[in-house]
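2 protein chains.
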Amino acid sequence: MPTAQDIESAAQRIAPFINRTPSFSSLRFNELSGGDYIFKGEHLQLTGAFKARGAMNAVLVNKESAADSGVITHSSGNHGAALAWAASQVGAKAFIIMPSNAPKSKIAAVEHYGGIITFCEPNLEARETTASKVQKETGAHLIHPYDNYDIIAGQATATYELLKDNPEIEHLFVPVGGGGLLSGAALANYFFGNAKIYGCEPELARDAHDGFLTGKRVIVNNSDTIADGLKTSLGKKNFPIIKSYVSQIILLTEKEIENGWHTCLETTKQFIEPSAATGVAAALKTQLTGKCGILLCGGNMDVRKFALR
Amino acid sequence: MPTAQDIESAAQRIAPFINRTPSFSSLRFNELSGGDYIFKGEHLQLTGAFKARGAMNAVLVNKESAADSGVITHSSGNHGAALAWAASQVGAKAFIIMPSNAPKSKIAAVEHYGGIITFCEPNLEARETTASKVQKETGAHLIHPYDNYDIIAGQATATYELLKDNPEIEHLFVPVGGGGLLSGAALANYFFGNAKIYGCEPELARDAHDGFLTGKRVIVNNSDTIADGLKTSLGKKNFPIIKSYVSQIILLTEKEIENGWHTCLETTKQFIEPSAATGVAAALKTQLTGKCGILLCGGNMDVRKFALR
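Residue numbers (this note's numbering), protein chains in the order written: chain B, 1 to 309; chain W, 1001 to 1309.
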């Protein structure tokens, strides 16, 4: 499990490559939520999401093997693009396994950063088989999107930055899918902060919530939530960290997530992806007072579907 | 016509009240546009648009009469909300004449800032008659949304800030409706900058373009452009300034404006109103090289119409 030193080292290691993302606030949002809020803008991170942190850390930690044989992953979401970007920063190859039905915008992002795509059938088995096959052919180093300590230490740096700048934060809202961001936030807060950490999860993908309550890791399949980055179930390495260092998992309905997204647009003019809106929705739902923070985890979605007329 | 001193005084006068809005850039946008761009984020201004600058300046210049009898305007757009907000900052009343069919979000904004609304029939004659009637009853000081030198000096401060921070800007794109922002930008640049200034206007409301070419002020009525803040025709005080100190008026189709809006969302994650997208669209259309700037004039629109599903 990452130590305080691992998180600080990750922060130093990736600093020359990533954005130290801005924080901001909104008087109107404070009126609506009842708290004194700071938003951490990871939608303004390179590649459009916090995933650049973990990917860059994992690539740098494994720099030599990455330079020799490249890195590989089978994430179709933000991690795929982030890993392609991170590999390109050190001149390494990135092999990205994507389902044949992946959105065009996700494919374009991976291509834009020079990732080498192999398409497969759109199911988990085909992804893993294809990844395993490409890995054997290339010798590339597998970097899992969240179930990986280098990734967790990298994602922890977002919370590390936020709490270094704002040590008075009492409550921190963090979206949870596979748990890379949330387990990193929980550890960063344990070592460097004094906040209560809340995982924010769609009711339609409530594995973290149910696992947290029962103490046993749960798997959710084929969720239809609009928060598409949060459909995955908690990783094996992420679950125990979350169980130990997170205060609560807050469930959000689809309507609450959509209202959080609209409210974020209205009050901050920041365009975030629906996954990030779970944090905003949880803040509006809980109406906590005092100094609060929200990790806006990313801003990647297909905007062309929104017609002005 | 405002002098260099008028603009500097306005900047000092309003500084304690307004946001010194941030500037930012996007590597991806630079790739798409061919230039080296700085965005000035007036969508992050108080009240959600640059209009807070002019309204605050006009209220402060007329502080005594405003405190005695209030201020009045018949703008249904961002100026109405901005004037209500500015008046509230000095404890003055603001009378806002609004058409009975004004969007709910605009009415809510004026009410939020404590504006006293009088509704009228939705046509220019009714607006002016009603404003005149309320003005006689109250003795309030009329503050026109753009055809007013205090307003022009106030709006000029956005460009003044941008050029003070970035004196190397060679090309500056500015949306044009009534011409308050554009005439202010042109004067600020004339006194403090070295850029070419481009007015950015919808083809469906091309009065500035046609007036600029013929030398005679033109009136456009009932435009159906999506850039709803730019439907108005140039004011009498704005036209000669624009004729003298602006390099060119660039016309944008509705499709180009919508593409500019989408591209801004994708590359900067900033949520702007369609009027602001004309500047983005003009940058993409002209493909100028060198150091360029875009004034993102505002971020107010009804976001609830965008459904996530």
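A virtual CB, placed ideally from N, CA and C, is assigned to each residue, including glycine.
Quick one: is Val59(B) near chain W, going by C-beta distance under 9 Å?
Using a Cβ-Cβ cut-off of 9 Å, Val59(B) does not count as an interface residue toward chain W, since no Cβ of chain W sits closer than that to its own.
In the DSSP assignment, find the beta strand (DSSP E) that holds Pro1202(W) and state where it starts and stops.
Residues 1196-1202.
Counting contacts by CB-CB distance shorter than 9 Å, is Arg1053(W) in contact with chain B?
Judged by the 9 Å Cβ criterion, Arg1053(W) is not in contact with chain B.
What span of residues does the beta strand (DSSP E) with Cys292(B) cover, start to end?
Residues 291-296.
How many angstroms separate the CA atom of Ala1066(W) from the CA atom of Asn1057(W)?
Across the structure, Ala1066(W) and Asn1057(W) are spaced so that their CA atoms are roughly 12 Å apart.
Show which residues of chain W have a CB atom less than 7 Å away from the CB atom of Trp261(B).
Correct list: Leu1308.
Note down, in chain order, every chain B residue with its Cβ under 9 Å from the Cβ of Phe1039(W).
Simply none; closest approach about 12 Å.
With a threshold of 16 other CB atoms inside 10 Å of the CB of Arg1127(W), please say whether the residue is buried or exposed.
Buried, because 16 or more other Cβ atoms sit within 10 Å of the Cβ of Arg1127(W).
From the DSSP secondary-structure annotation, give me the bridge partner or partners of Cys1120(W).
DSSP lists Pro1099(W) as partners of Cys1120(W).
Ignore the nearest five residues each way along the sequence and tell me which others in Thr225(B)'s own chain have a CB closer than 7 Å to its CB.
When the five nearest sequence neighbours on each side are left out, the beta carbons in the same chain lying within less than 7 Å of the beta carbon of Thr225(B) are those of Pro202, Leu204, Ala205, Lys231, Glu254, in order along the chain.
Closer than 9 Å at the beta carbon, the chain W residues around Glu258(B):
Those within 9 Å of Glu258(B) in chain W are Ala1307, Leu1308, Arg1309.
Which residues in chain A sit within 8 Å of Gly299(B), going by Cβ to Cβ distance?
Absent from the structure: chain A. Protein chains present are B and W.
Leaving out the 5 sequence neighbours to the left and right, which residues in its chain are closer than 8 Å to Asp1068(W) when beta-carbon positions are compared?
Excluding positions up to five away in sequence, the list reads Gly1139.
State yes or no: is the C-beta of Phe1239(W) within less than 9 Å of the C-beta of Thr1003(W)?
The Cβ atoms of Phe1239(W) and Thr1003(W) lie no closer than 9 Å to each other.
With 16 other CB atoms within 10 Å as the buried threshold, where does Asp1150(W) fall?
Its Cβ being crowded by 16 or more others within 10 Å, Asp1150(W) is buried.
Ordered along the chain, which non-local residues of its own chain (more than five positions away) have a Cβ less than 8 Å from that of Leu1284(W)?
Excluding residues within five positions, the ones whose Cβ falls inside 8 Å are Leu1032, Ser1033, Glu1256, Asn1259, Gly1260, Thr1263.
For the candidate residues Phe1029(W), Asn1189(W), Ile1250(W), whose alpha-carbon lies nearest to that of Leu1163(W)?
It is Asn1189(W).
Within-9 Å CB hit, Arg20(B) to chain W:
Cβ-Cβ to chain W under 9 Å: no for Arg20(B).
Count the CB pairs spanning the segment 40-56 of chain B and the segment 1038-1054 of chain W that are closer than 8 Å, and state whether there are at least three.
Look at the beta carbons and you see the segment 40-56 of chain B not touching the segment 1038-1054 of chain W: under three pairs across the two are nearer than 8 Å.
For Ala1282(W), collect the residues of the same chain with a Cβ closer than 7 Å to its Cβ; drop the 5 residues on either side in sequence, then sort them by chain order.
Cβ within range, chain order: Phe1173, Tyr1198, Cys1200, Ile1250, Leu1252.
Report yes or no: do three or more beta-carbon pairs, one from the segment 1072-1079 of chain W and one from the segment 1129-1144 of chain W, lie closer than 8 Å?
Result yes; three or more Cβ-Cβ pairs closer than 8 Å.
Own chain partners of Val1176(W) with C-beta closer than 6 Å, once the 5 adjacent residues on each side are dropped
The residues Leu1182, Gly1199, Glu1201, Ala1208, in chain order, have a CB closer than 6 Å to that of Val1176(W) in the same chain once the five nearest residues on each side in sequence are set aside.
Examine chain B for any beta-carbon lying closer than 9 Å to the beta-carbon of Glu1254(W), and answer yes or no.
Yes, contact with chain B.
If we cut at 9 Å on Cβ distances, does Leu1044(W) have a partner in chain B?
Answer yes: the Cβ-Cβ gap between Leu1044(W) and chain B drops below 9 Å somewhere.
At which residues does the beta strand (DSSP E) containing Asp165(B) begin and terminate?
Premise fails: Asp165(B) lies in the alpha helix (DSSP H), 149-165, not in any beta strand (DSSP E).
Quick check on DSSP: helix, strand or coil for Val71(B)?
Under the three-state reduction of DSSP output, Val71(B) falls in the strand class.
For Ala94(B), which three-state DSSP category applies?
In this structure, Ala94(B) counts as strand in the three-state DSSP scheme.
Whose CA, out of Phe24(B), Gly279(B), His112(B), lies closest to the CA of Ala84(B)?
Residue His112(B) is the option with its Cα nearest to Ala84(B).
Report all residues from its chain with a CB closer than 7 Å to the CB of Asp1302(W); omit the five preceding and five following residues, and keep chain order.
Same-chain partners within the cutoff: Pro1103, Ser1105.
Short of 8 Å Cβ to Cβ, which residues in the segment 175-208 of chain B face chain W?
Taking 8 Å as the cut-off between beta carbons, none of the residues of the segment 175-208 of chain B comes near chain W.
From the DSSP output, in three-state form, read off Lys1231(W) for me.
Lys1231(W) falls in the coil class under three-state DSSP.
What is the residue span of the alpha helix (DSSP H) that Phe192(B) lies within?
Counting along the chain, the alpha helix (DSSP H) containing Phe192(B) begins and ends at 180-192.
Helix, strand or coil at His144(B) according to DSSP, with G and I counted as helix
DSSP places His144(B) in the coil class of the three-state scheme, outside both helix and strand.
Just verifying my parser: in three-state terms, what is the DSSP assignment at Gly41(B)?
Strand, per DSSP.
Where do the ends of the alpha helix (DSSP H) carrying Gln1089(W) lie?
For Gln1089(W), the enclosing alpha helix (DSSP H) has its first and last residue at 1078-1089.
Quick check on the burial criterion: 16 or more other C-beta atoms within 10 angstroms. Buried or exposed for Glu1168(W)?
Glu1168(W) is exposed by the Cβ-count criterion.
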